[in-house]
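Reviewing the structure listed below.
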DNA sequence: ATGAGCTAATGGTCTGATGGTTTGCTACTA
DNA sequence: TAGTAGCAAACCATCAGACCATTAGCTCAT
């Protein structure tokens, strides 16, 4: 990455004889064949020619169609799979199936890379606060009866799980995501979802999950639903602020650990 | 190497006599070998045993170390590359190099999947409004002189590009991202980055980019920087609201196209 | 009916070989 | 001496053909 930072990047530094037409020539590299295949597949999926659930031809068929070897096709499939665009099943009737892109899946990839970036749990929490507070007006305005009913169920489940000591961060996350989905905006829902993924993963591994979300948190969930039902933006905002702030404080007092540290169990 | 991978590892698939303890046995699948390698590499990177810039051993060396064939190693490298963890260079002194994960890269993945979800441009714009407005207090509070200087430069560039008719959406995006990065929170920066990815891509293809961002937009950028410099949250918020609202209106009158439709040029 | 066994389809992996690209060195030329 | 052309080595990219493991569906005897 750094070693070649000083390398000749421009095409115009050797051979001082002919030089003025240097930028006439465009790079001729066609790149990797597998990359071309990947791009072609991606296009098909984006254009809707391939929809979730569809099965791609078998590796061997693809070889013939593209006129390449199996290795190349397989590399393309690996890339698509890593990108969460297809799922590969083995055995008869197996093959590559186009997947339904879920926000969960996106969050997964996000979480992976987050553990590698200089991104602390506090950073993520701060972003959450901005976002989850910001959407409250939309939630209060648009939440339907169904939305509220669902939220009630989640709260109930949370409370009873709390009694039996089986309350998990996942349940809290589900609640927050359901709140976000009450905006009826898929982009917002996806983002909240993706944010909870990495938080969950790291917090659970660090075993601060249990004390993090106690009876207070569950009760605040209950209050929030009430505020939404009464279309009381200010109250909802106050509750959510308190709720998230407590998470933030908890994180701060816990040595402000970076996600990476948490991830490695240190 | 593989010959014994298929040996009877699980004692639990024949002998139909015992049956009620079915869930005692965990699935015996070892999965893909390449996946194991990927996981191992990821761990090394996360633990800091491999830092950005490091060069991994050559494919052939890795084959020997892992005791697998080159095909398998290559598939692992493809996955790592697709995940943005390594970069592969050909030729002498080539090989796989650990990359510095940037928020840009992360946002890319998010953007990719955004374009595949049933998500309209309005949805994304609404999410943007929530987020970019929400971070303004943080920006105003934390922007350093360097931040503001950078923003000024971007505004200047925008204005002169406007005169020469070469103003692009990319320039606008760069400005918004730079504003976000003035929060000094990498998570926030990443999110704004990923928002602009899909917007850019689709809007440019649909050729509504040019009229979208006229002199008004560029001037609003200028005003916003002023408000930030004066630490005037309310004014900044007002400007940004107007700025984004205009984008939203423009999108709304433009048949409210979905990102997917735009992507395919329809 | 039920279950055991067969079969074909399909992905997972290995082996060995060839070609292309880049770097660095060397020898030759002006 | 300087510059250049050419060679060699270290890489990745790709191919071709083979074998094994897993799975779904079918058949057939019990």
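Protein chains in written order, with this note's numbering: chain A, 1 to 266; chain B, 267 to 532. Note that the Cβ used here is the ideal one computed from N, Cα and C, for glycine as well. If you're wondering where the values come from, they're calculated on a predicted model, not measured in any experiment.
Query                                                                                                                          : Result
CB contact check: residue 33 of chain A to chain B, cutoff 8 Å                                                                 : no
Three-state class that DSSP yields for residue 120 of chain A in the structure shown                                           : strand
Extent of the continuous beta strand (DSSP E) to which residue 89 of chain A belongs                                           : 86-89
Identified DSSP bridge partners for residue 97 of chain A                                                                      : A:55 and A:87
Backbone secondary structure at residue 135 of chain A - three-state DSSP                                                      : coil
At least three beta-carbon pairs within less than 8 Å, the region 321-335 of chain B to the region 137-147 of chain A          : no
Contact with chain B by residue 108 of chain A, beta-carbon distance below 8 Å                                                 : no
Cβ-based neighbour list, residue 415 of chain B, same chain, cut-off 7 Å, excluding 5 preceding and 5 following                : none
Straight-line Cα distance separating residue 453 of chain B from residue 425 of chain B                                        : 29 Å
Residue 154 of chain A at chain B interface by Cβ criterion, 8 Å                                                               : no
Limits of the alpha helix (DSSP H) - the one that residue 442 of chain B falls within                                          : 435-447
Residue 151 of chain A: first and last residue of the uninterrupted alpha helix (DSSP H) it sits in                            : 145-163
Exposure of residue 147 of chain A, with buried meaning 16 or more beta-carbon neighbours within 10 Å                          : buried
Given residue 495 of chain B as reference, the closest of B:446, B:410 and B:515 once Cα atoms are compared                    : B:410
Helix, strand or coil at residue 298 of chain B according to DSSP, with G and I counted as helix                               : coil
Exposure of residue 306 of chain B, with buried meaning 16 or more beta-carbon neighbours within 10 Å                          : exposed
Same chain, Cβ closer than 6 Å to residue 59 of chain A, five either side skipped, listed in chain order                       : 70 and 73
Proximal residues of chain B, C-beta to C-beta of residue 290 of chain A below 8 Å                                             : In this structure chain A extends from 1 to 266, so residue 290 of chain A is not present and cannot be described.
Beta-carbon neighbours of residue 344 of chain B, restricted to chain A and to distances below 7 Å                             : 75, 78 and 79
The region 357-374 of chain B / the region 156-176 of chain A touching (three or more Cβ pairs under 8 Å)                      : no
For residue 394 of chain B, the three-state DSSP class (helix, strand or coil)                                                 : helix
Proximity to residue 119 of chain A [Cα-Cα], best of B:493, B:455 and B:317                                                    : B:455
Pair within 8 Å by beta-carbon distance, residue 185 of chain A and residue 393 of chain B                                     : yes
Other residues of its chain near residue 85 of chain A: CB distance less than 8 Å, five sequence neighbours each side excluded : 41, 42, 45, 98, 99 and 101
Nearest candidate by alpha-carbon position, reference residue 502 of chain B, set B:423, B:398, B:328 and B:379                : B:398
Contact list for residue 506 of chain B against chain A, beta-carbon separation under 8 Å                                      : Neighbours of residue 506 of chain B on chain A: none; closest Cβ ~13 Å, over 8 Å.
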